[in-house]
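There are 2 protein chains.
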Amino acid sequence: MHESLIAVNESTVAGMGRLAGFFGFNEVMGRLYGTLLMHPEPLSLDDLASGLKISKGSVSMNMRSLERWGMAEEVWVRGERKKYYTAVPDLWQVIRNVLNSRERREVQLAIQVLSESVEKLRSAGDELTPEERELAQFYLERIGDLQAFFTVAQLALETVLGSDGALDFDAVTKIEIG
Amino acid sequence: MHESLIAVNESTVAGMGRLAGFFGFNEVMGRLYGTLLMHPEPLSLDDLASGLKISKGSVSMNMRSLERWGMAEEVWVRGERKKYYTAVPDLWQVIRNVLNSRERREVQLAIQVLSESVEKLRSAGDELTPEERELAQFYLERIGDLQAFFTVAQLALETVLGSDGALDFDAVTKIEIG
DNA sequence: CCCTGCGTTCAGAACGTTTTGAATGTTGGG
DNA sequence: CCCAACATTCAAAACGTTCTGAACGCAGGG
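Respectively, the protein sequence lines represent chains A and B.
The opening position of the first sequence corresponds to residue 417 in our numbering, with each subsequent residue numbered one higher.
The opening position of the second sequence corresponds to residue 417 in our numbering, with each subsequent residue numbered one higher.
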């Protein structure tokens, strides 16, 4: 095989590994994805293991993760008993999956916890000494800032997630920070 | 101290730890930031170490990270030899710092590598066998997708970074994915 | 049935990261 | 100068995560 093809393949596979790491996934997952992405035909677990020089066990576990995240799909090859996989090539779709099922919850949880904090501080008002009341006031200001932050983050997330197919950035840019 | 104040403080400190982890930082960094954020007066290294029950060494190193990232600032307290720190409370500013000096480079590098790949494949054209040429074509398609992806990511990043003070989401939403 | 080829699981090893605490600066007061 | 009070550094230990490879399970063919 021509060296340019090899070089391009390798840098893409490595790059997908980095990207996976950035999103908090195992880098091997990214390399598997990259390998599939840069291969016109589906690949078997053994192909992947030997191609990336990693153990069969690791390939098996990481491919199941890739499947669960909608980043790879099983493909049936007639007359073959092996499992074959292809990459889902639409990176935006993949990232929307991830944002939707992971970051979304995180942001919602944060917003909920902050609201509960505000509620706690409000309802504790009577029982507080003057110094404590002052601190509570300070807490409320800081928490207000955090609420503003997470609310914008949530709005941005929903906007990206709401766009199906092509991302409509007109919607994103309408968000304003109070 | 009233339990509500303690509970709110703890959940905020823990939450900032999570957030730090999400952005690929040490969670202790986030907890230090949260502790400072929820304290009206500056705190010394010893205060932080005893408050979070971690070693002085860890506090020292993590506080320097926080300083480098513009998340905390040293404060001079008259008549004191200790170092005192406060949190920079504008989370958007902090995150803009991070995006600007970290993610920005990553995206630019990715885009550069992809361009180089395209160049390699183009200039190798003559030397390729028919099969290799077909594979090169396939590579070019996939790389085109990746380029589109990273270009949108770059545009989105620049938009967020371009906003100073309040994030202008009108700009963000003008981005379109081809 | 048993055998073979394949996928999955999991305990232990390998690895990278973070924490600790003792040693080592550094600074200012006396 | 020397001492005390602090900050910093760094090697070793602790810890969490990932990888491996052997054991196991399962299915289809002979």
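Even glycine gets a Cβ: it sits at the ideal position worked out from N, Cα and C.
In this text the structure is predicted, and so the values were computed from the model without any measurement.
(message) Output needed for leucine 537 of chain A: all residues of its chain with C-beta closer than 7 Å, excluding positions within five of it in sequence on either side, in chain order.
(response) Ala552, Tyr555, Leu556.
(message) Check whether the stretch 468 to 475 of chain A and the stretch 504 to 524 of chain A are in contact - that is, three or more C-beta pairs closer than 8 Å.
(response) Three or more Cβ pairs closer than 8 Å define a contact, and the stretch 468 to 475 of chain A falls short of that threshold against the stretch 504 to 524 of chain A.
(request) Under 7 Å Cβ to Cβ from alanine 582 of chain B, same chain only, skipping five residues before and after it: list those, please. (result) Its pLDDT being 48, under 50, alanine 582 of chain B is placed unreliably in this model, and the value from its coordinates should be taken loosely. The answer is none, since no qualifying residue turns up.
(message) Using beta carbons (cut-off 8 Å, strictly below), is glutamate 543 of chain B in contact with chain A?
(response) It does: the Cβ of glutamate 543 of chain B has a partner Cβ on chain A nearer than 8 Å.
(request) Mind checking who glutamate 489 of chain B pairs with in its DSSP beta bridge? (result) Per DSSP, B:Thr502.
(request) In angstroms with no decimal places, state the Cα-to-Cα distance between threonine 428 of chain A and glycine 450 of chain A. (result) Approximately 6 Å between the Cα atoms of the pair.
(message) So, with DSSP's three-state summary, where would you put isoleucine 591 of chain A?
(response) In this prediction, isoleucine 591 of chain A scores a pLDDT of 48, lower than 50, which makes its location untrustworthy; no coordinate-derived value is stated.
(request) Kindly give me the distance between the Cβ atoms of threonine 567 of chain B and isoleucine 527 of chain B, rounded to whole angstroms, as I take these residues to be in contact under 8 Å. (result) Beta-carbon to beta-carbon, threonine 567 of chain B and isoleucine 527 of chain B are separated by about 7 Å, close enough to satisfy the 8 Å threshold.
(request) Report the residue from A:Asp506, A:Glu489, A:Trp508 whose alpha carbon sits nearest the alpha carbon of lysine 499 of chain A. (result) Of the candidates A:Asp506, A:Glu489, A:Trp508, A:Glu489 places its Cα closest to the Cα of lysine 499 of chain A.
(request) Taking only the alpha-carbon atoms, compute the straight-line gap between alanine 569 of chain B and leucine 459 of chain B and give it to the nearest angstrom. (result) Looking at the two C-alpha atoms, the distance is approximately 38 Å.
(request) Alpha carbon to alpha carbon, how far is glutamate 443 of chain A from valine 491 of chain B? Give it in angstroms, no decimals. (result) About 40 Å.
(request) Could you name the residues of chain A that aspartate 462 of chain B contacts, counting a contact when the two beta carbons are closer than 7 Å? (result) For aspartate 462 of chain B, there are no neighbours in chain A by C-beta distance under 7 Å, as the nearest C-beta there is about 21 Å away.
(message) Tell me the DSSP secondary structure of aspartate 584 of chain B in three-state form.
(response) Bear in mind that a pLDDT of 46 at aspartate 584 of chain B, under 50, signals an unreliable position, so the number given afterwards is only what the model happens to contain. Reduced to three states, the DSSP call for aspartate 584 of chain B is strand.
(request) Grab the span of the alpha helix (DSSP H) containing arginine 447 of chain A for me, first residue to last. (result) DSSP places arginine 447 of chain A inside the alpha helix (DSSP H), whose first and last residues are 443 to 453.
(message) My assumption, with CB atoms under 8 Å, is that isoleucine 559 of chain A sits in contact with leucine 530 of chain A. Please give the rounded CB distance.
(response) Yes, they are in contact, since the Cβ atoms of isoleucine 559 of chain A and leucine 530 of chain A sit about 6 Å apart, within 8 Å.
(request) Taking 8 Å as the cut-off, decide whether the C-beta atoms of leucine 577 of chain A and arginine 480 of chain A are in contact. (result) If you check the CB distance, leucine 577 of chain A and arginine 480 of chain A do not come in under 8 Å.
(request) Using a Cβ cut-off of 8 Å (strictly closer), state whether phenylalanine 441 of chain A contacts chain B. (result) Taking Cβ atoms only, chain B never reaches closer than 8 Å to phenylalanine 441 of chain A, which makes this a no.
(message) Give me, in chain order, the residues of the same chain whose beta-carbon lies closer than 6 Å to that of glutamine 563 of chain B; leave out the 5 immediate sequence neighbours on both sides.
(response) Sequence-distant partners of glutamine 563 of chain B (beyond 5 residues in either direction) whose C-beta falls short of 6 Å from its own C-beta, in its chain, are Leu530.
(message) Tell me the rounded alpha-carbon separation between proline 546 of chain A and phenylalanine 439 of chain A.
(response) The straight-line gap from Cα to Cα measures roughly 46 Å.
(message) Here's the rule I'm using: 16 or more other beta-carbon atoms within 10 Å means buried, otherwise exposed. How should valine 424 of chain B be labelled?
(response) Under the 10 Å beta carbon count, valine 424 of chain B is surrounded by 16 or more other beta carbons and is classified as buried.
(request) Using a cut-off of 8 Å between C-beta atoms, extract the partners of valine 514 of chain A located in chain B. (result) Correct list: empty, because the minimum Cβ distance to chain B is about 13 Å.
(message) According to DSSP, is serine 420 of chain A part of a helix, a strand, or is it coil?
(response) In the three-state reduction of the DSSP assignment, serine 420 of chain A falls in the helix class, which pools H, G and I.
(message) Assuming the contact rule is C-beta atoms closer than 8 Å, alanine 503 of chain B and leucine 453 of chain B should be a hit. Round their C-beta distance to whole Å, please.
(response) Correct: roughly 4 Å between the Cβ atoms.
(message) Is it buried or exposed, glycine 446 of chain B, if we count other Cβ atoms within 10 angstroms and call 16 or more buried?
(response) The residue is buried, with at least 16 neighbouring Cβ atoms inside 10 Å.
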